[in-house]
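In the working numbering, the protein residues as written are 137 to 380. Just so it is clear, CB atoms sit at the ideal spot from N, CA and C, and this is done for glycine as well. The structure appears right after this line, and notes come after that.
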């Protein structure tokens with residue numbers, strides 16, 4: 137374990153896997169009070185994810201099902217069906233700003249998770265202002281952003297992301313299932329691809345992908361994407377290959 141006033145690093149071993157009931161996982165965590173955009177990019181390229189000030193990466197000994205993926209923004213072309221999603225949301229208002237927390241955020245987050253616990257048997261996840269602030273507002277520095285989606289003057293979706301000069305990272309998204317006809321989950325990813333294109337950002341990192349998984353398999357829709365082939369340490373080179 138390495139520790140000073142700014143960094144705390146540790147490994148949690150034999151933890152119950154969030155994606156497979158019959159598997160355990162090992163996760164390396166790094167709590168960082170300060171993380172520059174250069175440091176964040178280096179970690180993204182090597183499979184690390186961020187929630188608040190906490191960064192993490194899987195180091196499972198027996199399983200490598202979780203694949204780190206990124207969209208090649210320049211090569212990505214919106215399909216006809218994806219253009220229809222944009223068209224359905226032409227009246228959706230989109231705002232980008234530093235992450236905040238309001239009671240509207242909390243109500244929408246909890247409503248989303250209640251619905252997902254019914255639809256996909258997710259574990260119950262009721263959040264309060266303090267926990268939301270720790271997970272999604274802290275650690276934003278100058279690159280963490282929230283994308284707010286409004287419909288009928290109502291907050292209907294929130295996407296948390298990092299926007300760096302050479303990469304975007306989709307951190308988390310939640311939305312109102314009462315507006316299911318708008319395909320807000322798809323729209324949020326497509327909107328982030330569009331933002332990356334407009335700003336000449338080469339990659340959008342989507343986090344971990346598990347092929348054919350009921351909760352993580354959907355990311356395969358956004359081709360072409362690249363898959364990290366190795367588990368490099370922060371001082372080691374990465375190997376990325378286009379998924380066929």
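#1: CB-CB under 6 Å to residue 222, same chain, minus the five flanking residues each way: which ones, in chain order?
#2: Taking the alpha-carbon of residue 373 as reference, which of 282, 360, 148, 178 has the nearest alpha-carbon?
#3: Please report the distance separating the alpha-carbon of residue 293 from that of residue 226.
#4: Counting beta carbon pairs with one atom in the region 250-268 and one in the region 296-306, are three or more of them shorter than 8 Å?
#5: Give me, in chain order, the residues of the same chain whose beta-carbon lies closer than 8 Å to that of residue 358; leave out the 5 immediate sequence neighbours on both sides.
#6: In the structure shown, what three-state DSSP assignment does residue 276 receive?
#7: Spatial neighbours of residue 193 within its chain, please: CB distance less than 6 Å, with the 5 preceding and 5 following residues excluded, ordered by chain position.
#8: Tell me whether the beta-carbon of residue 354 lies closer than 8 Å to the beta-carbon of residue 209.
#9: With 16 other CB atoms within 10 Å as the buried threshold, where does residue 379 fall?
#10: In the DSSP output, what is residue 245 paired with across the bridge?
#11: Could you tell me which whole alpha helix (DSSP H) segments of length 4 or greater appear in the region 151-202?
#12: Hey, how far is the Cα of residue 323 from the Cα of residue 313?
#13: Quick check on residue 93: buried or exposed, where buried means 16 or more other Cβ atoms within 10 Å of its Cβ?
So, to answer that:
#1: Residue 222 sits at position 86 when you count from the first residue of the chain shown. Result list for residue 222: empty, nothing under 6 Å.
#2: As a first step, residue 373 must be located in the chain shown, where it is residue number 237. Residue 373 has its Cα closest to that of 178, out of 282, 360, 148, 178.
#3: The count along the chain shown starts at 1 and reaches residue 293 at position 157. The count along the chain shown starts at 1 and reaches residue 226 at position 90. Their Cα atoms are separated by approximately 15 Å.
#4: no
#5: Translated into positions along the chain shown, residue 358 becomes position 222. Counting only Cβ-Cβ distances below 8 Å, and skipping sequence neighbours, we find 207, 212, 325, 329, 342.
#6: Indexing the chain shown from 1 puts residue 276 at position 140. Residue state, collapsed to three classes: coil.
#7: Position 57 of the chain shown, counting from 1, holds the residue named residue 193. Excluding sequence neighbours, residue 193 sits near 164, 183, 184.
#8: Start at 1 with the first residue of the chain shown, and residue 354 comes out as number 218. Start at 1 with the first residue of the chain shown, and residue 209 comes out as number 73. Cβ distance not < 8 Å, so residue 354 and residue 209 don't count as in contact.
#9: For this step, residue 379 is matched to residue 243 along the chain shown. Under this definition residue 379 is an exposed residue.
#10: As a position in the chain shown, residue 245 is number 109, starting the count at 1. Paired residues: none, contrary to the question.
#11: 173-181
#12: For the purposes of this step, residue 323 is identified with residue 187 of the chain shown, where counting begins at 1. For the purposes of this step, residue 313 is identified with residue 177 of the chain shown, where counting begins at 1. Cα to Cα, the separation comes out at about 13 Å.
#13: Any answer about residue 93 is impossible in this case: the structure gives the chain only from 137 up to 380.
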